[in-house]
Each structure stands twice: as structure tokens, then as C-alpha cells.
Amino acid sequence: MKKKKMLAVLLSAGMMLSLAACGTEDKGTAENKKENGKQKITALVQQSRNFDGLQNMIKKLEKEENIKIDVQVVPDDEALNMIKMKLNSGECPDLIDFNVPAIYDIVDPAANFADMSEEDWVSKLKIPENVTDDDGKIYGFPFLSVPGVHGFTYNEDVFAECGVAVPNTWDEFLDVCQTIKDKGITPIYMPKDTWVPQILMTDNFAKALGNDKVKEFSEKVMKNEAKWTDVPEFAEVIEKYLDLYKKGFINDNFTSATYDDAILAVAEGKAAMHFNGDFFAASVLEANPDANVGMFAMSMTDGVDAMTENMSSAGFVVYKNSKNLDTVKKVLNLWATPEYANLYFEDRPAFPAFEGVDGGEVPEYLKEVNEKFIDPGKVIPEFNYSVMDLNPLFESTLYVYYVDAPAKGNMDGKQMMEKFQGDFEQYMKDQGTDGF
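Counted the way this note's numbering counts, the sequence shown spans residues 946 to 1381.
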């Protein structure tokens, strides 16, 4: 993938947002399914992305264009497997939700997704290279113009109540957590969703190694010239992560809590913090508009003053063999207009992907992040970006270990990386990769 240009602004809200659908299409008859005279297409929305703005766009489409989108909402951690299953079966929804361009590295876009390069909405993109693949094709429809960043979203009122300030070092951070815990409040809220805790690792792997070492390692490991166990920083980061559980800084119900629970916990002040993309802060404000939230970077490695960047934008792709392709293209062209796209940003201000769209007044936490990190250029790619081809392996193994290890106490950082090294070698052999 082409690397995205760093901008002086940062997206909020739905970095992760995208629309997709894994419903099945009745085989048959007409070019477009009809229901009570309406054209009907299918879409699946990941649970964390079923925003009010998106729902309003869908309602407007049905009311004014007589196009109904049959939406299936699924848990985030089930979405990728469902997408793969539907694609393999040949019965996939018209709209498929995932981050772009990350989905290009997980699923062959040319074989599975409709080429959107010549659609009218492409000419309205502010940064088309953000969703362009190595062959110059555009398959993904984004809502946001730039990638988001990772950090701790925190409830400012809880910090004030506990008499703590934003920490600058990891040791200071642990002291803050202890003070908050002593006040009877959960310092950090983590859900069971495996994609969530891994963000803390992809963030800190990058900070611990630095850009040059990340690039060097990723190139070597993919050629079997280096092992995951060769980098002690990986195990060290994981150990510090596991230590948060041992110290009681994480909610006790992390094996059953959901992502929505995390949003509400921070919004209502039952928890002080949560580590995620900046879109999480937008969700907190959506859940409680009166909440006072901030966002800060935190590195487990001393002396690193940076935020990591999510190199994929929220968006969705179109099933290549959709029988409703003309209708889907019409929908996307409408959704790229201010009349529709403005609805998405009404309750979640951010930086739109399309020219002329009003992203609204961004909240203070985004302005501060932009001033402290984006403008000065103190933003680096998350570690996962360097090995995006391994996303399927990560999701089925390493991300799961991040939740299992604190729950079962069965692995420390070193043991986890040793286990993952075995998973990696087997995966590369199964893929028929040269050198394995």
C-alpha cells in the first residue's frame, strides 16, 4: 500500500467506522430486489459502528430514494470471519464493512470487490491515495479523510475527583492508576473484544522499536531471517500490559465486558480511562454529551513522545458479484454528497473524506492532539501496519492470547511470543511462503 501523507488534522469519531453487510441475497430474478416497491440491498454493520448518523443516512435513502438497506448488525470480533465465510460461499452482502485499505491485505480485492476507480464520488475524495491499492485501483469507500491516532481517552472529571494529572512517563502512569484505584474507581476499562487490547501492543511495539527497526524487523521476519522471539521488546511490552491486570488496574469482568460497556464506563465516570483510537472518545461523547473527556499519549518506553497512527480509514467495499451493483453505486454516489454525508458528522464531528462535506466543530481533545502531535509531526505508524499481511493470523492467535493470558495466568510475555512464533511458522508454511 502507498503510505498515506501525514496531515495537520486528525480524524475523530469513526476511524473505525464503516458499513458492511453479510446478509445473503436471494438468487433470482431481477437486477434489484424489490420489497413493497422499494429497491433493496444488503449490508452488515459492526456493532461498534452502528452510529446514529449512519442510521439517519440509511433512513433518508429509504424515504427519498425508495432504496432500503437491509442491515445486519454483528459483534466486531465476528465480522471478519463472517465476511470470509460469505465471500467463500458466493453469497455475500452488497456492502461489506471493514477498514480500508487494510481489507486489501486480508482479502484479495481484485477477486472479491467491485472496482470503484471510475465512479463519480472518487473525484470528490480529498486524499484518494488513502484508499488506492498498489495497482492504482480504488475499492474502498471512506468516510474520513485521514487516519486516526491511538491513546488513552480519559474522563477529566474522574481525574479531578481523584486529584491526578495526565502522566508523562509509564511510572507516573502507574502511580495515577494506583491513586484512582484507591478511590474505588476502575482505572482502565477493557472489554472481551480481542481487537481492543491489541491496540495497546501495536502502539507500544512501534514506540519501543522505532520506525527504522520496525521496518528492518518486518522485512526480515517475513523472509524467515528473523524470529519474533529475537526482539525482547515485544515480551517486555506484553509484560507491562499483563502487569496492569496483576495490579488490579483493569475491570474484574474483562472476560465478559463488551466494547459498549467500555464506552459507558468512561462516559459515566465508572472507569477513568480506556486505550483505543480517537474514535472511542467520540463514542463516549455520543453516549454522554455532558462528559468531559481528554486524550493523551502514553509510552511504555521512556523518552518516546509520540502517538501512533492507525493507517487504515473507516470505510466499506462492494461485493464484486452483487446483483444490485447499479443500485449500490447510486447509494455511494449519494453518500458522498454533503446532503447525506453531513448527517454522519452531526453527532460525531471529524474530518470528512469528501470535498464540501461539513465535518462539524471538532471537540477540544482533537484540537489538543492535533496541536501536540500532528502539527509537530510526532506521529508514527502503528506496528501492525508493517506486517498487514499477518492480520488474519494475529486475529486468530496473538490477539486471543492477550485476553486469555490475564484471565488464565498461563503465559508471560516471553512464553506468549514463543507460542506465537510457532503459530507464525505454521501459518507461513500453510501459505506456501518462500523460505518457510
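All residues carry an ideal CB built from backbone N, CA and C; glycine is no exception.
Beta-carbon spacing of residue i, residue j below 8 Å
i       : j       : result
Asn1355 : Glu1064 : no
Asn1011 : Gln984  : yes
Tyr1310 : Val1211 : no
Lys1323 : Asp1250 : yes
His1095 : Thr1253 : yes
Ala1232 : Ile1195 : no
Pro1054 : Leu989  : no
Val1345 : Lys1137 : no
Leu1032 : Asn995  : no
Val1067 : Ile1083 : yes
Leu1335 : Asp1368 : no
Leu1230 : Pro1308 : yes
Leu1089 : Ala1295 : yes
Tyr1285 : Lys1005 : yes
Ala1059 : Leu1270 : yes
6 Å Cβ shell around residue i - same chain, five flanking residues per side excluded
i       : result
Leu1025 : none
Pro1020 : Gln992
Pro1112 : Phe1118, Val1121
Ser1244 : Lys1152
Leu1288 : Gly998, Asn1001, Met1002
Contacting residues, own chain, Cβ-Cβ under 7 Å from residue i (five flanking each side not counted)
i       : result
Gly1380 : Lys1168, Asn1169
Pro1087 : Val1045, Asn1075, Val1076, Ser1258, Ala1259, Gly1260, Ala1298
Ile1325 : Ala1151, Asn1156, Ala1251, Thr1253, Glu1254
Ser1163 : Ser1331, Val1332
Cβ shell of residue i (< 8 Å), same chain only, five flanking positions each side left out
i       : result
Leu1187 : Ala1350, Pro1351, Asp1357, Gly1358
Thr1124 : Cys1107, Gly1108, Val1109
Distance between beta carbons of residue j and residue i, contact taken as under 8 Å
i       : j       : result
Val1276 : Ile986  : 7 Å
Ala1223 : Gly1093 : According to the sequence as given, residue 1223 is Asp; it is not Ala. Indeed, because the Cβ distance is near 5 Å, the residues count as touching under 8 Å.
Phe1365 : Thr1342 : 6 Å
**Request:** Decide yes or no for the touch test of the region 1203 to 1218 against the region 1095 to 1112: beta carbon pairs closer than 8 Å, at least 3 of them.
**Result:** Yes: the two stretches touch, three or more of their Cβ pairs being nearer than 8 Å.
**Prompt:** Do the region 1144 to 1154 and the region 1167 to 1185 make contact, defined as three or more Cβ pairs closer than 8 Å?
**Reply:** By the Cβ test, the region 1144 to 1154 is in contact with the region 1167 to 1185, since at least three Cβ pairs between them sit closer than 8 Å.
**Message:** Three Cβ pairs or more, each shorter than 8 Å: is that satisfied between the region 1044 to 1062 and the region 1258 to 1278?
**Reply:** With a cut-off of 8 Å, the region 1258 to 1278 and the region 1044 to 1062 count as touching, because enough Cβ pairs lie within range.
**Three CB pairs or more closer than 8 Å across the region 1117 to 1133 and the region 1163 to 1174** = The region 1117 to 1133 makes no contact with the region 1163 to 1174; the number of CB pairs closer than 8 Å stays below 3.
**Prompt:** Which whole runs of the beta strand (DSSP E) in the region 1083 to 1140 are 3 residues long or more, in chain order?
**Reply:** Listed in chain order, the complete beta strand (DSSP E) runs (minimum 3 residues) inside the region 1083 to 1140 are 1095 to 1100, 1131 to 1133.
**Asked** If you pair each beta-carbon of the region 1195 to 1204 with each one of the region 1068 to 1082, do three or more pairs fall below 8 Å?
**Response** Short answer: they don't touch.
**Prompt:** So, do the region 1234 to 1244 and the region 988 to 1001 have three or more beta carbon pairs nearer to each other than 8 Å?
**Reply:** Taking 8 Å as the limit for Cβ pairs, the verdict is that the region 988 to 1001 does not touch the region 1234 to 1244.
**Any alpha helix (DSSP H) of 4 or more consecutive residues that is wholly inside the region 1014 to 1062** = You should have 1021 to 1034, 1047 to 1051, 1054 to 1057.
**Prompt:** Which whole runs of the beta strand (DSSP E) in the region 1269 to 1332 are 3 residues long or more, in chain order?
**Reply:** Segments of the beta strand (DSSP E) lying fully in the region 1269 to 1332: 1324 to 1326.
**Request:** Scan the region 1219 to 1264 and note each continuous beta strand (DSSP E) run of 3 residues or more that stays entirely inside, going in chain order.
**Result:** The beta strand (DSSP E) runs lying completely inside the region 1219 to 1264 and spanning 3 residues or more are 1238 to 1241, 1252 to 1254, 1258 to 1263, given in chain order.
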